[in-house]
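Structure first, then comments.
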Amino acid sequence: MLRLATAAKFLEKYRTKEWQQLQPPEERIVLPEDPTHAVFDTPTVKKKPVIQLHPPPESPEDSFKKRHYSQRQRSKLRRKAGNAHGTGVSPR
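Using the UniProt record's numbering, the first residue of the sequence shown is number 1, and each one after it goes up by one.
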């Protein structure tokens, strides 16, 4: 089924290319002036430039960041914690 679908897709693409080559090329219309140039004629609101004289205040960084471990890492940490206590059983 998959092979038939792929073949049909390529055949359609091939026929589309053939059809486009058989069509006579359309003449392009030359515009007397650029219609998009009017965008630059619209007035804009003038803004004052913002000059920063002093650096922004530094935010206190957290010395302890909570780490998000994957399940494999969590189970490994539990096993290590169990062995550290000498019990050999993971704490739960």
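All residues carry an ideal CB built from backbone N, CA and C; glycine is no exception. Just so it is clear, the structure is predicted and the values come from calculations on it, not from any experiment.
query                                                                              : result
Helix, strand or coil at Arg67 according to DSSP, with G and I counted as helix    : coil
Rounded straight-line distance, which links the Cα of Trp19 to that of Pro25       : 12 Å
Residue closest to Arg72, alpha-carbon to alpha-carbon, out of Lys66, Ile51, Lys80 : Lys80
Helix, strand or coil at His54 [DSSP, three-state]                                 : coil
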